[in-house]
Structures are given as structure tokens and as C-alpha cells.
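4 protein chains.
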Amino acid sequence: MTPPPERRRELLATAAEVFAAHGYKATTVRRIADEAGMLAGSLYYHFDSKESILDEILSTFLDELWDRYDAVLAAGLGPRETIEALVTESFREIDRHGPAVAIYQKESRHLAKQQRFAYLAESQERFEKAWLGTLERGVADRVFRADLDIRLAYRFLRDTVWVAASWYRPGGQHSPEEIARQYLSMVLDGIAVGENPEPTAKAHSDS
Amino acid sequence: MTPPPERRRELLATAAEVFAAHGYKATTVRRIADEAGMLAGSLYYHFDSKESILDEILSTFLDELWDRYDAVLAAGLGPRETIEALVTESFREIDRHGPAVAIYQKESRHLAKQQRFAYLAESQERFEKAWLGTLERGVADRVFRADLDIRLAYRFLRDTVWVAASWYRPGGQHSPEEIARQYLSMVLDGIAVGENPEPTAKAHSDS
Amino acid sequence: MTPPPERRRELLATAAEVFAAHGYKATTVRRIADEAGMLAGSLYYHFDSKESILDEILSTFLDELWDRYDAVLAAGLGPRETIEALVTESFREIDRHGPAVAIYQKESRHLAKQQRFAYLAESQERFEKAWLGTLERGVADRVFRADLDIRLAYRFLRDTVWVAASWYRPGGQHSPEEIARQYLSMVLDGIAVGENPEPTAKAHSDS
Amino acid sequence: MTPPPERRRELLATAAEVFAAHGYKATTVRRIADEAGMLAGSLYYHFDSKESILDEILSTFLDELWDRYDAVLAAGLGPRETIEALVTESFREIDRHGPAVAIYQKESRHLAKQQRFAYLAESQERFEKAWLGTLERGVADRVFRADLDIRLAYRFLRDTVWVAASWYRPGGQHSPEEIARQYLSMVLDGIAVGENPEPTAKAHSDS
DNA sequence: TATGAATGAGCTTTCATTCAT
DNA sequence: CATGAATGAAAGCTCATTCAT
Numbered sequence: 261m262t263p264p265p266e267r268r269r270e271l272l273a274t275a276a277e278v279f280a281a282h283g284y285k286a287t288t289v290r291r292i293a294d295e296a297g298m299l300a301g302s303l304y305y306h307f308d309s310k311e312s313i314l315d316e317i318l319s320t321f322l323d324e325l326w327d328r329y330d331a332v333l334a335a336g337l338g339p340r341e342t343i344e345a346l347v348t349e350s351f352r353e354i355d356r357h358g359p360a361v362a363i364y365q366k367e368s369r370h371l372a373k374q375q376r377f378a379y380l381a382e383s384q385e386r387f388e389k390a391w392l393g394t395l396e397r398g399v400a401d402r403v404f405r406a407d408l409d410i411r412l413a414y415r416f417l418r419d420t421v422w423v424a425a426s427w428y429r430p431g432g433q434h435s436p437e438e439i440a441r442q443y444l445s446m447v448l449d450g451i452a453v454g455e456n457p458e459p460t461a462k463a464h465s466d467s
Numbered sequence: 261m262t263p264p265p266e267r268r269r270e271l272l273a274t275a276a277e278v279f280a281a282h283g284y285k286a287t288t289v290r291r292i293a294d295e296a297g298m299l300a301g302s303l304y305y306h307f308d309s310k311e312s313i314l315d316e317i318l319s320t321f322l323d324e325l326w327d328r329y330d331a332v333l334a335a336g337l338g339p340r341e342t343i344e345a346l347v348t349e350s351f352r353e354i355d356r357h358g359p360a361v362a363i364y365q366k367e368s369r370h371l372a373k374q375q376r377f378a379y380l381a382e383s384q385e386r387f388e389k390a391w392l393g394t395l396e397r398g399v400a401d402r403v404f405r406a407d408l409d410i411r412l413a414y415r416f417l418r419d420t421v422w423v424a425a426s427w428y429r430p431g432g433q434h435s436p437e438e439i440a441r442q443y444l445s446m447v448l449d450g451i452a453v454g455e456n457p458e459p460t461a462k463a464h465s466d467s
Numbered sequence: 261m262t263p264p265p266e267r268r269r270e271l272l273a274t275a276a277e278v279f280a281a282h283g284y285k286a287t288t289v290r291r292i293a294d295e296a297g298m299l300a301g302s303l304y305y306h307f308d309s310k311e312s313i314l315d316e317i318l319s320t321f322l323d324e325l326w327d328r329y330d331a332v333l334a335a336g337l338g339p340r341e342t343i344e345a346l347v348t349e350s351f352r353e354i355d356r357h358g359p360a361v362a363i364y365q366k367e368s369r370h371l372a373k374q375q376r377f378a379y380l381a382e383s384q385e386r387f388e389k390a391w392l393g394t395l396e397r398g399v400a401d402r403v404f405r406a407d408l409d410i411r412l413a414y415r416f417l418r419d420t421v422w423v424a425a426s427w428y429r430p431g432g433q434h435s436p437e438e439i440a441r442q443y444l445s446m447v448l449d450g451i452a453v454g455e456n457p458e459p460t461a462k463a464h465s466d467s
Numbered sequence: 261m262t263p264p265p266e267r268r269r270e271l272l273a274t275a276a277e278v279f280a281a282h283g284y285k286a287t288t289v290r291r292i293a294d295e296a297g298m299l300a301g302s303l304y305y306h307f308d309s310k311e312s313i314l315d316e317i318l319s320t321f322l323d324e325l326w327d328r329y330d331a332v333l334a335a336g337l338g339p340r341e342t343i344e345a346l347v348t349e350s351f352r353e354i355d356r357h358g359p360a361v362a363i364y365q366k367e368s369r370h371l372a373k374q375q376r377f378a379y380l381a382e383s384q385e386r387f388e389k390a391w392l393g394t395l396e397r398g399v400a401d402r403v404f405r406a407d408l409d410i411r412l413a414y415r416f417l418r419d420t421v422w423v424a425a426s427w428y429r430p431g432g433q434h435s436p437e438e439i440a441r442q443y444l445s446m447v448l449d450g451i452a453v454g455e456n457p458e459p460t461a462k463a464h465s466d467s
């Protein structure tokens, strides 16, 4: 005997998976219904439109994400620890809402232009502020390297984390925390061994 | 009087931009035609179908990319230098064919399932072989850290590079080579200052 | 505790109002249910179908109307008095069943083609016979003008009366009898002052 | 070799007839297309939507109607002659655009609530001003009876005229001018013979 | 009596594609 | 080469209706 909100959540989860796998536009409402074991029209008993399903998936995900992020940002950690905590929370979010993150990754850029999804752009800004601010603090504290373009570093961190949603599958051999640790290790200390001060990219010249 | 192949290339470039901006499925053939200053039906004089436009964009991009990659791989460089060269070439490719790369990034996963786009999966495999092999060689040579999950590192490198296509705009303040250098600096040596042997991710524990 | 027939009548009244306001086709069964404070499905406990609701509204209205008309026609009045009585009864009917009359006005023409609503066409014929007969009798008795096209006069009278259902609201400042009196005054004696033997429509020539 | 606007006009005429016969809501786009000898989807090459077809039908009709009305109102005629001219123009309009008038008659009341069809409400107001003003002038000039409720007379005139669209068929035995003359004769001078000062409605008492 | 959930037919609309000119 | 007009399949959505509870 499942209470009504349960059914709704099931449908949203199903829809999120299909959206993530095939893209929002390419996903038919009928496909979602099939996957949920009902007819296309029946979905409209639960939701207003295909778009409102997408909306609910994305806003639910962002609400939850910001709950975690805000807790981290309010904890008064140092810059490095803040980055570590944000990355870890991000991978946990991928673990919990992988499909939602994948959809966000693929669709948010053009969705953000629409009135209805303006919150995506807002979230994006808060996002940027939080990460950029932490990186700047870290540079000031001499925890992060000063010779890097900080906006580039921000994009690098951001993408590095979220793009994982495209291949991560929950229940795999690595826990989200383990993946976070490895990612942080690479991002913070690099994949090269010890003391390599300068990359030698210029060594390779074009044809 | 421009020769036909020229017009074709223009149309492909236009189509690639629109596909990149809105997604393949969400892009209508009419939108492409509008952007090109013709009517939808007229596109069919130049191309068989919408899908064949996509096909030509992606295969052209991959052909060119592999030309460069093969040159790098045949040069007999060390593992670190190989990685540096591959990354540099990748950013140059983004510079030249940004939209094609963005499309590849967004659509290749589900396109690869189709017969017609099987070459995407093949390319993906060669890709993986080249990068993984180089990383393994680097670990053996003690150029890269041995304590990292090498498949994770591969995905990390791959995604880090290509995802840049989503924000990179040619003609900006950084040349592709400069961006490559910064990216490599982060990936190889990390963003943290000097001697941090261990990330402290475990410092942040969840409930 | 209201007896069932009472509830039924309430629902019919509600449905009639919504049908009248938005048209039969444009009215959803859910809208009626909303207005009645129940769910759409629940209406089907009381009625077989949306169409049967419409049927009951229209047939109830016509049954009642004919009761009154038959009484008038059986009363042996003169032509002018008959017309006056019919018009007065019509306005009373509008007062009592405004929405039903409005629905009849809007929908009867195409409904009459359906088997189920054949009684609309029959009623229409009896209607025509009663009014036309009275008018003819009036012309013969030299009570009504002989120079008018009698079928045109019939349509004129008929429409003049029923169309009032589209703006009449019960409880307004004029009683139905008062409106009937004014209408009859216009129809019988005209709106012009006294002795205007000939309209001068021909005075207006086209451009 | 018909020029493009011709095709458009044909389609609008076809659509208007179907809308008039079955009601806007009950008319399917497919039905219109059938009647026009094409497939439903093909209509969308010519029009944005079903609603925009309706819009174009109604606004075209009203534009034309007001051209005529304005000419009449600017002609400086006396009240009676103005009424005669307006009625005559109205019947001519019914003759030319019968279906449009029928649609207007049936649908304008609820359409006027929508933003897009606000011009219907505006037109309605101008309408009222023109007719009411003329009637008032006529009463002041002792051309029209002073003992009648002028708003009632206005509704009476207005409805009397337009409702004719529901039965009028062009090419019948009466020209629009002839019908106008008969209508005006009834409206101005009444259907009763000569000197009947008072209707005797009160002679019929209710049960 | 009424509800909640679903059905299924049919609707408006979109869009890749075709083709005579 | 390009246009204008159409096709036809499929999409999102609506809604009268059903039915177990």
C-alpha cells in the first residue's frame, strides 16, 4: 500500500532515467509511460506536462544539492577543506540522483534561457560564487597556486565533478566517497609524480 | 562564384552551430535553413537527410582528430610528452571545430548504438586504448603516480578536455595552446601548492 | 438529507449553466464536477454520459415549455392575444430556465441531426406550425399586416424572443412580464412614432 | 494560376463554413482540411493554429463591417435613416460573410474574455455606442417612441439583425436589401395593423 | 456515493521529407 | 539551385469514461 507521493516519486525517477539516457527532447512521453507500465495519457493525471516533469526533476535535485552545499559553506572550513567537502557532496549527489545530474549537465545551458527554468541560471551563479570565492580564498591563503587562471581552474573543477554523472553508476565498485578522494587527489596534487614544475607543452609543435 | 564544396562546408558549419546550441533532436531542419538563408526543402538538394548532416559533421571531425592523434602517437614521445601533445591537439581541435566537439560530447553516447554511427564506438575504443596505454606506460616509467585508479584517471583526463568545448569560444583571450598549458599544469601537478601528499577528504564526514 | 432527485436537479442546473456559458463541446465533464464540488468520475454515478446530461436538460425544458404553449393554444384566444401569451410564456421560460434556453439556442441546430435529439426537430416543427398558424390567422383577421412576408415575420418573432436568453439574468430590474410587454410593444407597433407608412431603406444606396 | 492570397482566402472561407455549421470547438482541424482537399498537417503551412484561423475570420469580418458602419455614421443622416442604413449594411454583411457572422454570434461572448480576442469586446462597445446614440437621438427628435426602454430596444435591434445569419443563405429568393426592408418595416412600424396603442399582455394571466 | 487512478480514442501540432516548377 | 506547397508519421496532450475501493 504505497501512499500517493511514493507513486509520484517513482514516476519521476523513471522519467529521469529515460531523459538522462536519450535526452529530454528525444524522449517521448509514451516511452516514459511504457517504462512505468502505463499509457501515455495516464501520466497527465500526475503531471501537467512533459516539461513540468523535467522541471520537478531538476528543481528537486537543485534544492537538495543546495541544502548540502549551504551546510558545507556555513561550516567555516578552510579553502582546501571546503573544496574537498563540496566535491564529496557533489559525488554523493551524483550517487543519489545520477540521472538528474546528467540531465542538468546536458540540458541546463539552453533551458536556462526559458523563463520557467530561470532558477537554473540563478543556481549557476551561486555555484560560481561559491567555488570562485573559495578558490580565491585559497590563493590568498597560499593553499592554492597563484599562477593559475582562477576562472579556468573553476571551470576545470566544476566540469570535472559533474561530468562524472555521465558514466557513474551507483552500486559500482567505488563508493562516491572513494571516487571523490581519487578525484581530489588528482585535482589537488596532479597525476604526475612529485616535482615537475613546468609542463612542456611547447615541446609539441604543430604541423 | 564559389565552388559547390565551399557552400557545402558553410552549410555544415551552420548546422553544427545550431546542433551544438540546441541539441540535435531539438534542432529543426527549418532552423538550419533559416540560419543559412534558404528554405527547409532546399537543404535536401545538398544533403540526403538531417541525419546525414550530423553524420558528416561528426565523421569529418573524427577523421581530422585522428590524423593529429596518429601523428602524435607515431612520434615516439615519452608518456608525459604524449599526454601533453594529445591534450594540446584536443584543444586545437576544439578551437577549430568547437561545435562538432560539443555535439560529439552531447550526442555520441546514444548515437553510438545506431548502426550508422558505429564508428563513434570504434573511435571511442581507439581513444581509450591510446590514453590508457600512455597512462600505463607513464606509471611503469614512474612518471605518473601509481596510487591512482588508472581508469578513473583516464575518464578524468578525457572528460576534462572535451567538456571545455561547451564553454570555449574561439578568438577569446586565451589561445588553445595557452589553455592546454594551464589544463596540463592542473592535471599533472594539481592546483594545490607544493607538498601536499594526502588529500584530507575524510575530514568531512557525512551523517 | 436531500432526496436523490433533488441532488440530480442541482447537478443538472450546474451543468446547464456551464454549458450555456462555454458551449456544450467546450465544457468538460471535469468542469461541471468542479462546479458541483465533486470529481469528474463521480458524475457517472448520477448520469450515463455527458450527452445524457445535455439530453435531460433540453428535454426537461421542452416538456415544460410545451405544457405552457399547449395551454395557451388550447385557450381559444384571438391571434394577437395568442402571440402575446406565447411571447409572455417564452420570457417566463427564459426566466426559469435561462441556461437551458441558451443551450437550445446555440446547439439545437446541429444536435437535431442526431437520432437521439430528433425531438428537437419535431419540437421545432410544432413550434413553426403554432406561430405560423397564428400569424396567418391574424393576417386573415386583418389584425396583422398583410404586406409582410409571413415566414420572415415568424423567424423575426421567434429569434427576437429566444435570443434574449443570451443576456437575460433573472432577478434583474425588469420582470419577465415587463420585458415581454416591451418586446411585444416593439414587435407589434414598432419603435417609430405613429404614422410612418414606409421605411425609406432605399434612401441609402451603396458606394 | 491563383496567386497565394487567393488560396488563403479559400481556406478561410472553407474553415468559416465548417465553424459556423458545427461550432468552433466541435470542428476538427482535420475536418477543415478534408473539406479543403488536403491533410490536416498541411493547414499549418498556411496558418499558425486553429485559433489563428478563427482570429483571421473574425477580425477580417469586423474590419470590413466597421468600414461600412463608419461610412454610414459619417454621412450625417437623421436617426431613422441611420438605423435603416445600419440595418441594411448589416444584412449586406450577412450576405457576404454569413459564416463569419454566425461564428461571431455564437462564439464572441466567451471569446471576448481572452486576451487575443479583446477586439471583440472593443467592437461590441463601439457597436453599442453607435446604436444607442442613434436611438437616443431619435427619441429626442421624436422620431422614436419615448415610452420604450432604450437599452432593451437596442438589444432587440442588435439581436434581431445578427441572428438572421443563422438561417440566411445567399442566393435565396430575397436579396439582403429586401430582407432589410422587411425587417425595418417590422421593427419600425410593427407587425400589427394600424392603430393599436397598447399591447394587452396583461390579458393573459399566469396559472 | 464518492474517489483515485487509469484507459483509449482522438485532438492539435510539429517536422523531416518530397516534388513539381 | 531554390521555392512553395504539400505529405504523413508521430508527438504532446485532452477528455469522456471505467472501475476497484
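Chains as they are written, first to last, in this note's numbering: chain A, 261 to 467; chain B, 261 to 467; chain C, 261 to 467; chain D, 261 to 467.
Glycine residues also receive a C-beta, built at the ideal position from the N, C-alpha and C atoms.
- Put simply, the CB of K366(A) is near chain B, with a gap under 8 angstroms to one of its CB atoms.
- When the Cα atoms are used, A334(D) and A281(D) turn out to be separated by approximately 35 angstroms.
- Within chain D, the residues placing a beta-carbon under 7 angstroms from that of Y443(C) are F416, ordered along the chain.
- Beyond the five residues adjoining it in sequence on each side, F321(C) comes within less than 6 angstroms, by CB distance, of H357, A360 in the same chain, given in chain order.
- Interface annotation, T420(C): in contact with chain D, CB-CB separation under 8 angstroms.
- Counting the other CB atoms within 10 Å of its CB gives D407(A) a total below 16, which places it among the exposed residues.
- Unbroken alpha helix (DSSP H) runs of no fewer than 4 residues, entirely contained in the stretch 298-336 of chain D, are found at 303-306, 310-333, following chain order.
- Within the DSSP secondary-structure output, F404(A) pairs in a beta bridge with A452(B).
- In this structure Y305(A) is exposed. Its beta-carbon is surrounded by fewer than 16 other beta-carbon atoms within 10 angstroms.
- Here the C-alpha atom of M298(C) lies approximately 20 angstroms from the C-alpha atom of I317(C).
- Around the beta carbon of S302(D), a 10 Å sphere encloses fewer than 16 other beta carbons of the protein chains shown; the residue is thus reported as exposed.
- Taking S350(D) as the centre and dropping the five residues before and after it, the same chain places the C-beta of V421 closer than 6 angstroms to its C-beta, in chain order.
- Contact between the stretch 269-287 of chain B and the stretch 271-278 of chain C is absent, with fewer than three C-beta pairs closer than 8 angstroms.
- Q433(D) counts as exposed, since fewer than 16 other beta carbons sit within 10 angstroms of its beta carbon.
- Comparing C-alpha distances from D315(B) to each of L412(B), I343(B), A372(B) shows the shortest one belongs to A372(B).
- For A360(D), the uninterrupted alpha helix (DSSP H) segment begins and ends at 339-371.
- Here P430(D) carries a coil assignment [DSSP, helix/strand/coil].
- By the C-beta criterion, the stretch 399-418 of chain A is judged to be in contact with the stretch 434-445 of chain B, since at least 3 inter-stretch pairs fall below 8 angstroms.
- Setting aside the 5 residues that flank it on each side, R352(D) is surrounded in the same chain by P436, each with a C-beta closer than 6 angstroms to its C-beta; the list follows chain order.
- Residue contact with chain C for W427(D): present (Cβ-Cβ distance below 8 angstroms to some residue of chain C).
- In the structure shown, T288(B) falls within a coil segment according to DSSP collapsed to helix, strand and coil.
- In this structure, the alpha-carbon of R267(C) lies about 47 angstroms from that of L325(D).
- Scanning A296(A), D449(A), Y364(A) for the CA closest to the CA of S383(A) turns up Y364(A).
- Counted as a single uninterrupted DSSP element, the alpha helix (DSSP H) harbouring R418(A) occupies residues 410-422.
- With a cutoff of 8 angstroms on beta-carbon distance, V453(A) and R402(B) are scored as near each other.
- Counting of Cβ neighbours within 10 angstroms places K389(A) among the exposed residues, the total staying below 16.
- In summary, no residue of the stretch 304-326 of chain A has a CB separated from any CB of chain B by less than 8 angstroms.
- Of all alpha-carbon atoms in I292(B), G283(B), D330(B), V399(B), the one lying nearest the alpha-carbon of F387(B) is that of D330(B).
- The CB of L408(B) comes closer than 9 angstroms to the CB of Q442, S445, M446, I451 in chain A, given here in chain order.
- Within chain B, no residue has its beta carbon less than 7 angstroms from that of H357(A); the closest one is some 15 angstroms off.
- The C-beta distance from P430(C) to D355(C) rounds to 5 angstroms, short enough to fall under 8 angstroms.
- Nearest C-alpha to R376(B) among T288(B), L346(B), S319(B), F307(B): S319(B).
- Judged by DSSP in its simplified three-state form, G398(A) adopts helix.
- D323(B) and I313(B) have their alpha carbons spaced roughly 15 angstroms apart.
- One Cα belongs to T348(A), the other to F404(B), and the distance between them is close to 24 angstroms.
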